[in-house]
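Trainee:
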Amino acid sequence: MARVEFRKIVKRFGDIEVIPDMNLTIEDGEFVAVLGPSGCGKSTSLFLLAGIYLPSAGELLFDGHVVNEVEARDRNVGIVFQSYALYPHMTVRDNIRFPLRFKKTPREEALGRVGAAADLVQVGELLGRRPSELSGGQQQRVALARALVKEPQLLLLDEPLSNLDATLRLTMRTEIKSIQQKLGVTTVLVTHDQIEATTMADRIICMRDGRIEQVGTADDLYLRPGSLFIAGFIGSPPVNLIAGQAADGAVRVGRVAFPFNGTPGSVTIGLRPEHLRFAEAGLPGRITQTEPMGREILYVVETDLGHLRVLEHGASAAHAAGDPVKIGFSPDDSLVFNTATESLMTGARVHPPA
Amino acid sequence: MARQAVLTDFHPRRTAVDWDRMAARARSMRRAEAVALYAFLIAVSLPIILPYFWLVTIAFSAKAGVAETMVLWRSMLVLVPAVIAFWLAAMVARSRREAWLGMGAIALAAAIAFGLLVGPDLHLRNFIFLVEPDFASVVRSRVGAVRGAVQFPNVWHAFANSLLIAGAQTVSVVTVASLAAYYLSRWQFPGRAGMLRSLLVLHAFPVLTLVVPMFLMLYWIGLLDTLLGVILVLVAFELPFAIFIMKGFFDAVPWDIEMSALTDGASRRQAFLRVVLPQVRNGTLAICVFTFIRGWEEYIFVFTFLVRNTNWTMSLYMYYVRDDVMGVDYGVVSAVGVFYLVPSLILYVAAQRYLMQMSIGGVKG
Numbered sequence: 138m139a140r141v142e143f144r145k146i147v148k149r150f151g152d153i154e155v156i157p158d159m160n161l162t163i164e165d166g167e168f169v170a171v172l173g174p175s176g177c178g179k180s181t182s183l184f185l186l187a188g189i190y191l192p193s194a195g196e197l198l199f200d201g202h203v204v205n206e207v208e209a210r211d212r213n214v215g216i217v218f219q220s221y222a223l224y225p226h227m228t229v230r231d232n233i234r235f236p237l238r239f240k241k242t243p244r245e246e247a248l249g250r251v252g253a254a255a256d257l258v259q260v261g262e263l264l265g266r267r268p269s270e271l272s273g274g275q276q277q278r279v280a281l282a283r284a285l286v287k288e289p290q291l292l293l294l295d296e297p298l299s300n301l302d303a304t305l306r307l308t309m310r311t312e313i314k315s316i317q318q319k320l321g322v323t324t325v326l327v328t329h330d331q332i333e334a335t336t337m338a339d340r341i342i343c344m345r346d347g348r349i350e351q352v353g354t355a356d357d358l359y360l361r362p363g364s365l366f367i368a369g370f371i372g373s374p375p376v377n378l379i380a381g382q383a384a385d386g387a388v389r390v391g392r393v394a395f396p397f398n399g400t401p402g403s404v405t406i407g408l409r410p411e412h413l414r415f416a417e418a419g420l421p422g423r424i425t426q427t428e429p430m431g432r433e434i435l436y437v438v439e440t441d442l443g444h445l446r447v448l449e450h451g452a453s454a455a456h457a458a459g460d461p462v463k464i465g466f467s468p469d470d471s472l473v474f475n476t477a478t479e480s481l482m483t484g485a486r487v488h489p490p491a
Numbered sequence: 010m011a012r013q014a015v016l017t018d019f020h021p022r023r024t025a026v027d028w029d030r031m032a033a034r035a036r037s038m039r040r041a042e043a044v045a046l047y048a049f050l051i052a053v054s055l056p057i058i059l060p061y062f063w064l065v066t067i068a069f070s071a072k073a074g075v076a077e078t079m080v081l082w083r084s085m086l087v088l089v090p091a092v093i094a095f096w097l098a099a100m101v102a103r104s105r106r107e108a109w110l111g112m113g114a115i116a117l118a119a120a121i122a123f124g125l126l127v128g129p130d131l132h133l134r135n136f137i138f139l140v141e142p143d144f145a146s147v148v149r150s151r152v153g154a155v156r157g158a159v160q161f162p163n164v165w166h167a168f169a170n171s172l173l174i175a176g177a178q179t180v181s182v183v184t185v186a187s188l189a190a191y192y193l194s195r196w197q198f199p200g201r202a203g204m205l206r207s208l209l210v211l212h213a214f215p216v217l218t219l220v221v222p223m224f225l226m227l228y229w230i231g232l233l234d235t236l237l238g239v240i241l242v243l244v245a246f247e248l249p250f251a252i253f254i255m256k257g258f259f260d261a262v263p264w265d266i267e268m269s270a271l272t273d274g275a276s277r278r279q280a281f282l283r284v285v286l287p288q289v290r291n292g293t294l295a296i297c298v299f300t301f302i303r304g305w306e307e308y309i310f311v312f313t314f315l316v317r318n319t320n321w322t323m324s325l326y327m328y329y330v331r332d333d334v335m336g337v338d339y340g341v342v343s344a345v346g347v348f349y350l351v352p353s354l355i356l357y358v359a360a361q362r363y364l365m366q367m368s369i370g371g372v373k374g
């Protein structure tokens, strides 16, 4: 169990600066998710923690001690790779036991711990098999057992669920979270999937182009996205973004005016599909498409501002394609961003057009 | 509605289709193609099989001083119909079991025919060289002229020399090649691309062109007429290609498992030995077999660099046997050939499974 701290960490590969300046503290026993699109430096930061990459500048601390120079094998970090990286020539038992061989754990104790780790992830019956004889989900469990058997002070998960089918992903999500809670091990999950991040982690670190864009809980990121990027990245179906000009107490987009309480300038309005509703008054439009999604129905509405997505609860469609509608929303749900800086204008609200 | 109208226009009426007739036609076409293919394969493989078959037949049947080819024609009389019968059995059989039964029957018939037609001529006297070092004199005495026979070393001595050269060469090549290839595959260093290119260029040199400078070099170093000298030269010539092949195998091993080993507490060397090396086992075995056979069949360098007859290898032994008793006794020459062939054959059969995988070239996960 460890408290991890990045202090002004820089990572360069040749001339390419993958991580320009990273400052972050992960508390002991915390489950954090590093979320971001591919190529944003999230895996690099994971490998920095594991000691596979060495930082180009800055300090990495475990429990207050600088570990920049400490070799990967001495860091006592468990890692589950996206490909699981099981050793193909070893049985499941030998795979899980592999980390213990270098700790000179006595045979009896090692086998006992292998059994316990295997039982924890429910692969106790598969110990004699080879990785090639396992399903994807089983391989994933073995990889998890191998990472846990050495009782790591830090557990790193690199997109662990991305190779599983949808149902299995759901089960493994719950299981990994409950194992983490049971063991209380500090865990870092790297993922590009917002659902994985929001469902599993206590705290989410949103990265973009090697920089930390926002750190917060799932609610923080969803309700108060710090930037346009995060508003667009978090939430499914994605947020409706409308660019306009704020002046004289209104945001004007073409002929439409949204009453507005903020400062003048170029702004972008963010309206989540689930916050929009069909109302008596509001923005007029015409439904062009309905997409039933089970408990909800997604409507695509053509308006003067372009196509907007509206998500309504209910299993059957109350409206059909071609129906004229008016779109309303609660001002408290609206998000307004400064278009130039892409950052959220705190406290700024828009009202539906009259 | 308009669209449907177009579709019905497209299929004006349904004609009855004779599916059975079409299936029968496809079946006979497939069969005819298979027959033609096998006929072709047999036609081209007979000239390849026949020399080996004859080599073995001569080794076990020829008599000193008798240039008799009748036994070869009789053995061919058994072999060719047998091969054709095998082919027919494979064609006619409707199930795997029928095919095995048919081939078994043909094999039995061929064995009996061989026993009757060739059997009476078979004997082991041509393998006299295995027990009698001075066999040349004995062979000559069979035809009357004893004088002038070459003094041959014990054949087992030559056998051991060959084994030593091929074995030492294999061990050195596999060790150096796997280490060098791993480094080339995993590390970036100045001159890496140039090194990879030069590996292939080195392999492109015809070795014969370097015989004279090599001879001078060994002479000055003092390794001329020693097995060590030949081993070093062979290793140098075999390494580039072996490194190149092994690099391909290492490239196919994913980084992930190596990184995983490092975080699991292994050092770089332990990760290489325990995790990476086992993934390239097939490549290592293939390199082993090919290098060993290359050393086993080596002729030019041993002929040039080795002089004393205690340093003779099997290829030199074979050469001098041919030189000395050819024209007197084809049987002994063939018998030496068979003896020389056996280790390669055993090795190939034993390693066949891995060699097949190498030609496909991947590392299976």
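Chains as they are written, first to last, in the working numbering: chain A, 138 to 491; chain B, 10 to 374. We put the beta carbon where it would ideally sit given N, CA and C, even for glycine.
Can you list the residues of chain A that residue 289 (chain B) reaches, using a CB-CB cut of under 9 angstroms?
Mentor: Result: empty, since nearest Cβ-Cβ is about 10 angstroms, beyond 9 angstroms.
Trainee: Assign residue 160 (chain A) to one of three DSSP states: helix, strand, or coil.
Mentor: Residue 160 (chain A) falls in the strand class under three-state DSSP.
Trainee: Counting only runs of 3+ residues fully inside the stretch 145-192 of chain B, write out the beta strand (DSSP E) ranges in chain order.
Mentor: If we require 3 residues or more, the stretch 145-192 of chain B turns out to have no beta strand (DSSP E) run fully inside it.
Trainee: Is there a Cβ of chain A sitting closer than 8 angstroms to that of residue 261 (chain B), yes or no?
Mentor: No, because no Cβ of chain A sits closer than 8 angstroms to the Cβ of residue 261 (chain B).
Trainee: Would residue 296 (chain B) and residue 180 (chain B) be called neighbours here (beta carbons separated by less than 8 angstroms)?
Mentor: Taking 8 angstroms as the Cβ cut-off, residue 296 (chain B) and residue 180 (chain B) do not qualify as a contacting pair.
Trainee: Shortest alpha-carbon distance to residue 220 (chain B) belongs to which of B:242, B:170 and B:200?
Mentor: Cα-wise, what sits closest to residue 220 (chain B) is B:242.
Trainee: What separation, rounded to the nearest whole angstrom, lies between the Cα atoms of residue 198 (chain A) and residue 358 (chain A)?
Mentor: Rounded to the nearest angstrom, the two C-alpha atoms are 27 angstroms apart.
Trainee: Mind pulling the chain B residues with CB within less than 7 angstroms of residue 513 (chain A)?
Mentor: A query on residue 513 (chain A) cannot be resolved here, the shown segment of chain A reaching from 138 to 491 and no further.
Trainee: In chain order, what residues of the same chain lie with their CB nearer than 8 angstroms to the CB of residue 254 (chain A), ignoring the 5 residues before and after it?
Mentor: So the list reads 233, 282, 283, 285 and 286, once near-sequence residues are dropped.
Trainee: Determine, using beta carbons only, whether residue 327 (chain B) and residue 357 (chain B) come nearer to each other than 8 angstroms.
Mentor: Not closer than 8 angstroms, so no.
Trainee: With a Cβ-Cβ cutoff of 8 angstroms, do residue 91 (chain B) and residue 119 (chain B) count as a contact?
Mentor: Their beta carbons are under 8 angstroms apart, which means residue 91 (chain B) touches residue 119 (chain B) by this criterion.
Trainee: Do three or more CB pairs link the stretch 404-419 of chain A to the stretch 370-384 of chain A at distances below 8 angstroms?
Mentor: Result yes; three or more Cβ-Cβ pairs closer than 8 angstroms.
Trainee: Name the two residues that bound the continuous beta strand (DSSP E) containing residue 295 (chain A).
Mentor: Its beta strand (DSSP E) spans residues 291-295.
Trainee: Mind checking if residue 202 (chain B) is an interface residue toward chain A, Cβ cutoff 8 angstroms exclusive?
Mentor: Cβ-Cβ to chain A under 8 angstroms: no for residue 202 (chain B).
Trainee: In the DSSP output, what is residue 407 (chain A) paired with across the bridge?
Mentor: Partner(s): A:378 and A:472.
Trainee: Here's the rule: buried if 16 or more other CB atoms are within 10 angstroms of the residue's CB, otherwise exposed. What is residue 206 (chain A)?
Mentor: Exposed, since its Cβ has fewer than 16 Cβ neighbours within 10 Å.
Trainee: Contact criterion: CB-CB distance below 8 angstroms. Does residue 194 (chain B) meet it with respect to chain A?
Mentor: Residue 194 (chain B) does not count as touching chain A.
Trainee: Taking all protein chains shown into account, do 16 or more other C-beta atoms lie within 10 angstroms of the C-beta of residue 117 (chain B), making it buried, or fewer, making it exposed?
Mentor: The residue in question, residue 117 (chain B), is exposed, as its Cβ has fewer than 16 Cβ neighbours within 10 Å.
Trainee: Would residue 66 (chain B) and residue 127 (chain B) qualify as a contact pair, given that the criterion is a beta-carbon distance under 8 angstroms?
Mentor: Yes; because the gap between Cβ atoms is below 8 angstroms, this pair is in contact.
Trainee: May I ask you to list the residues that DSSP assigns as paired with residue 389 (chain A)?
Mentor: Answer by DSSP bridge pairing, in chain order: A:382 and A:394.
Trainee: If we count the other Cβ atoms within 10 Å of its Cβ and call it buried at 16 or more, is residue 278 (chain A) buried or exposed?
Mentor: The residue is buried, with at least 16 neighbouring Cβ atoms inside 10 Å.
Trainee: Here's a check: name, in chain order, each residue in its chain whose Cβ is nearer than 7 angstroms to the Cβ of residue 336 (chain A), leaving out the five neighbours to either side.
Mentor: Taken in chain order, the residues that qualify are 310.
Trainee: Which whole-angstrom value is the C-beta distance of residue 215 (chain A) and residue 292 (chain A), which I expect to be below 8 angstroms?
Mentor: Indeed, because the Cβ distance is near 5 angstroms, the residues count as touching under 8 angstroms.
Trainee: Report buried or exposed for residue 338 (chain B), applying the criterion of at least 16 other Cβ atoms within 10 angstroms of its Cβ.
Mentor: Buried, by the Cβ-count rule.
Trainee: Rounding to the nearest angstrom, what Cα-Cα distance links residue 209 (chain B) and residue 253 (chain B) in this structure?
Mentor: Rounded to whole angstroms, residue 209 (chain B) to residue 253 (chain B) spans 8 angstroms at the Cα level.
Trainee: Between residue 161 (chain B) and residue 247 (chain B), what straight-line distance do the alpha-carbon atoms span, to the nearest angstrom?
Mentor: Cα to Cα, the separation comes out at about 30 angstroms.
Trainee: Use the C-beta contact count for residue 215 (chain B): other C-beta atoms within 10 angstroms, 16 or more gives buried, fewer gives exposed.
Mentor: Residue 215 (chain B) should be labelled exposed.
Trainee: Could you check if residue 197 (chain B) is buried or exposed, using at least 16 other CB atoms within 10 Å of its CB as the buried criterion?
Mentor: Burial call: exposed.
Trainee: Does the Cβ of residue 162 (chain B) lie closer than 7 angstroms to at least one heavy atom of the ligand ATP?
Mentor: With respect to the ligand ATP, the structure shown offers nothing to examine, as it has no ligands at all.
Trainee: Which residues, taken in chain order from the stretch 250-277 of chain B, show a beta carbon closer than 7 angstroms to some beta carbon of chain A?
Mentor: If the cut-off is 7 angstroms between Cβ atoms, the stretch 250-277 of chain B has 263, 265, 266, 268, 269, 271, 272, 273, 274, 275 and 276 near chain A.
Trainee: When Cβ atoms are compared, which residues of the stretch 221-252 of chain A fall closer than 9 angstroms to chain B?
Mentor: Within the stretch 221-252 of chain A, the residues whose Cβ lies closer than 9 angstroms to some Cβ of chain B are 221, 222, 223, 224, 225, 226, 227, 235, 236, 237, 238, 239 and 240, listed in chain order.
Trainee: Measure the C-alpha to C-alpha separation of residue 147 (chain A) and residue 275 (chain A) and round it to an integer number of angstroms.
Mentor: When rounded, the distance between both Cα atoms is 37 angstroms.
Trainee: Around the C-beta of residue 461 (chain A), are 16 or more other C-beta atoms found within 10 angstroms, so that it is buried, or is it exposed?
Mentor: Under this definition residue 461 (chain A) is an exposed residue.
Trainee: Grab me the residues of residue 200 (chain B)'s own chain with a C-beta within less than 7 angstroms of its C-beta, minus the 5 sequence neighbours each way, in chain order.
Mentor: Cβ within range, chain order: n/a, list empty.
Trainee: Which bits of chain B does residue 278 (chain A) rub up against, with CB to CB less than 8 angstroms?
Mentor: Those do not exist, as residue 278 (chain A) stays about 15 angstroms from chain B at its closest Cβ, beyond 8 angstroms.
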